[in-house]
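In my numbering, the protein residues as written are 15 to 123. Idealized CB from N, CA, C, for every residue including glycine.
This is how it looks when you write it as C-alpha cells:
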C-alpha cells in the first residue's frame, strides 16, 4: 500500500484552491505549528470551528490529489531523480562538468 501524503505537501500544491480561511488555518496549524486555541483566538473562531476548517480543508486537498495525482507523480519523479543522482555520483569523475550536471539534477527536485 502507498504511504499517505503529508497534508503540508498537499497544501503546497493545492492550497490556492482552498478558501482564504481554510488556507490560513492550515498554514498556521501545519506550517507554523499553532494550536487550535491560538488559531481560534487569532481569527475569532471557536476551536471547534478551526478543527472543522482543518478537517474539511484536508479532505478537499486529498480529493484534489485523488483526481489529479499531481503530488504522487511529483514524489515518484523526485525519487527517480534521487536514485539517478546517487548512481551517477559514484560513476562521474570529479570535475566541474560533473558538479554542474549533478547540480542541475538537484534543481529538478
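- The DSSP-derived three-state label of residue 123 is coil.
- When the beta-carbon positions are compared, residue 36 and residue 70 come within less than 8 Å of each other.
- Separation of residue 96 and residue 40 (C-alpha to C-alpha, rounded to the nearest whole angstrom) is 29 Å.
- Here residue 19 carries a coil assignment [DSSP, helix/strand/coil].
- DSSP places residue 54 in the uninterrupted alpha helix (DSSP H) bounded by 50-57.
- For residue 103, the uninterrupted alpha helix (DSSP H) segment begins and ends at 84-105.
- The count of Cβ pairs closer than 8 Å, one atom from the segment 22-35 and one from the segment 77-91, reaches three, so the stretches are in contact.
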